[in-house]
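*Asks:* Numbering (this note's numbering), first residue to last: 5 to 576.
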């Protein structure tokens, strides 16, 4: 009673588990009915029809044990299921040994003296194909009872289930068509019709148990599709002449593995196809067929093996590529999160650092104002130096804060006339341009582009300011222009340039100049900037989906090139 209560409380009671429970129960019921028939001499329960083979007593007992084994596996009574599986395998193997070595161990009529011997080679002895199915069933129950969690466990169980199902459906098909070779081997005991039905129960139960234990989606196609191909192929093979290479019809079954999660599914389907090809030969053919029949079957098996290998490597490659893709997506997500955290850290750190820095600056200013007359020249110089350093530090922090804001804020995209942008910059910097004798010229009218107007304005202003700052010529010339990238260049962008006749940059520093706070000269030479202007420019260009680089010869000037994507996809 406690066993059935535990069985009803299985947490994963889905449709597949329910089918497995039903199949195990039907197996017990079938075996029990036949045993009752043997004790009550009710021939209908033993033979179904007078001309049919009887189900032997040991066979009926085997069905009861198999049903118990399946139900105890589901209820996690693994000690009982292992003991039952070993008993099933022991009885079935002894039966096969009796057939192979033509001996009698006295187990065939151990529990019942048989009084029906129709199509039975030895009284009470189950058929050899019945014994084989019991060995496979017992093996499946033992594997399912074991705590082995290897990736091939479920595949092995599924393969065993299909083998049992193949043998049983073949025998049932033989009864339907009157082909005795389909349910009997040579002149040995035949498999009974309800024995075949019983193994269909067990085969379905093992397969559905396997599917219920899958922790991931088994396939992207319904499981009945390969089952229909497998069953249809077997029936079609039995209907064809033996000279036809009928095993080829199982190739579509192997191709079904493309839609299965595990790549080794192709080998499982190939094994099923090979087994059915061999089975179809023995079920359809009398002994002594010519070499053409055997060569055709051999050719079919070879084709199935080759196709399964090809499908396996194809599926394995797909899984590997999917894994790489997932890893890349995970890395991109982690990188994006890391960048956001760095931006947030820079924002918080720079904001929080300003308050104590401002206090140091103010206190230094107060000391200088209140005690300047009481301090010697060295003291005054140190306070002035402290005020200068705090001012510079505040500029660095402000630049860091702005840089972090560049990374966090989305672009305000709009149609922008770059001619108006340059005109506005020239008007804003008019006094500086006049005092420094700077001439800003535009080679040809600039285009209208989709961009963040504020940031693109800042980009050009920074480049123009740098061109003025790092130029010791009497007449400073800055040229701004653009060129459309060729349509066949696979680059959907416009390339701009800002060219000057300044001091130039050594080639070894062409990358360093874009790093934040990186200055190539002392703080008092060529202005007192923080060395972050080109870093801002690079960030703005990258936000617009472009790249920036420079070409320069020391003493002959520098040209900064950068690209801006034509489409606004970078803003999404």
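In this text, a Cβ means the ideal position worked out from N, Cα and C, and glycines have one as well.
My parser needs the beta strand (DSSP E) runs of 3 or more residues fully inside the region 392 to 454; what are they?
*Replies:* 417 to 421 and 442 to 446
*Asks:* With distances taken Cα to Cα, identify the nearest neighbour of residue 300 among 317, 313, 316 and 282.
*Replies:* 282
*Asks:* According to DSSP, simplified to helix, strand and coil, what is residue 179?
*Replies:* helix
*Asks:* Going by C-alpha to C-alpha distance, which of 241, 211, 451 and 28 sits closest to residue 68?
*Replies:* Per the Cα distances, 28.
*Asks:* Identify which residue in 378, 130 and 284 has its Cα closest to the Cα of residue 114.
*Replies:* Nearest C-alpha to residue 114: 130.
*Asks:* For residue 557, report the span of its beta strand (DSSP E) as first-last.
*Replies:* Start and end: 552 to 557.
*Asks:* Can you look up residue 563 in the DSSP assignment and give me helix, strand or coil?
*Replies:* strand
*Asks:* What is the C-beta distance between residue 92 and residue 141, in whole angstroms, given that I count them as a contact (C-beta under 8 Å)?
*Replies:* 6 Å
*Asks:* Work out the CA separation of residue 72 and residue 83 for me, nearest whole Å.
*Replies:* 12 Å
*Asks:* Taking just the CA atoms, how far does residue 260 sit from residue 230?
*Replies:* Each residue's alpha carbon lies about 6 Å from the other.
*Asks:* Give the DSSP bridge partners of residue 481, in chain order.
*Replies:* 443
*Asks:* Between 417, 373, 421 and 482, which lies nearest to residue 447 when the distance is taken from Cα to Cα?
*Replies:* The shortest C-alpha separation from residue 447 is found at 482.
*Asks:* Note down the Cα distance separating residue 382 from residue 399, rounded to an integer number of angstroms.
*Replies:* Counting only the Cα atoms, residue 399 lies some 26 Å from residue 382.
*Asks:* What residues in its chain sit with their C-beta under 8 Å from that of residue 426, if we drop five residues either side in the sequence?
*Replies:* Around residue 426: 444, 446, 450, 464 and 484.
*Asks:* Can you tell me whether DSSP reads residue 204 as helix, strand or coil?
*Replies:* helix
*Asks:* Residue 214: which of 469, 374, 402 and 18 sits nearest, CA to CA?
*Replies:* 18
*Asks:* Using a threshold of 8 Å, state whether the C-beta atoms of residue 466 and residue 566 are closer than that.
*Replies:* no
*Asks:* Between the C-alpha atoms of residue 39 and residue 70, what's the straight-line distance to the nearest angstrom?
*Replies:* 15 Å
*Asks:* Hey, is the region 95 to 103 in contact with the region 75 to 82, meaning 3+ C-beta pairs nearer than 8 Å?
*Replies:* no
*Asks:* Smallest Cα separation from residue 497: which of 516, 548 and 462?
*Replies:* 548
*Asks:* Could you check which residue in 458, 207, 181 and 190 has the C-alpha nearest to that of residue 139?
*Replies:* Of all alpha-carbon atoms in 458, 207, 181 and 190, the one lying nearest the alpha-carbon of residue 139 is that of 207.
*Asks:* Under the rule that 16 or more other beta-carbon atoms within 10 Å means buried, what is residue 419, buried or exposed?
*Replies:* It is exposed - the Cβ of residue 419 has fewer than 16 other Cβ atoms within 10 Å.
*Asks:* Is the beta carbon of residue 258 closer than 8 Å to that of residue 312?
*Replies:* yes
*Asks:* Tell me the rounded alpha-carbon separation between residue 55 and residue 122.
*Replies:* 8 Å
*Asks:* Mapping the DSSP letters down to three states, classify residue 291 as helix, strand or coil.
*Replies:* Caution applies to residue 291, whose pLDDT of 47 falls short of 50 and renders its modelled position unreliable; the value that the coordinates give is listed next. Here residue 291 sits in coil by DSSP.
*Asks:* Helix or strand or just coil, what does DSSP make of residue 43?
*Replies:* helix
*Asks:* May I ask you to list the residues that DSSP assigns as paired with residue 568?
*Replies:* 498
*Asks:* What does DSSP give as the partner residues of residue 487 in its beta bridges?
*Replies:* 499
*Asks:* Let me know if residue 342 comes out buried or exposed under the rule of 16 or more other beta-carbons within 10 Å of its beta-carbon.
*Replies:* Residue 342 is exposed by the Cβ-count criterion.
*Asks:* At 4 residues or longer, and completely inside the region 321 to 348: list those alpha helix (DSSP H) runs for me, N to C.
*Replies:* none
*Asks:* In whole angstroms, what is the alpha-carbon distance linking residue 128 and residue 59?
*Replies:* 9 Å
*Asks:* Suppose the cutoff is 6 Å on Cβ atoms and the five residues either side in sequence are ignored; what does the same chain contact list for residue 193 look like?
*Replies:* 124, 125, 129 and 131
*Asks:* Could you round the C-beta distance between residue 255 and residue 307 to whole angstroms and report it? I think they count as a contact, below 8 Å.
*Replies:* So it is a contact: roughly 7 Å between Cβ atoms.
*Asks:* Taking the alpha carbon of residue 473 as the point to measure from, which residue in 456, 457, 321 and 440 has its own alpha carbon closest?
*Replies:* 440
*Asks:* Which residues mark the beginning and the end of the alpha helix (DSSP H) in which residue 466 is found?
*Replies:* 457 to 473
*Asks:* For residue 556, which residues in the same chain have their Cβ closer than 6 Å to its Cβ, ignoring the five residues on either side in sequence?
*Replies:* These residues qualify, in order along the chain: 508, 509 and 562.
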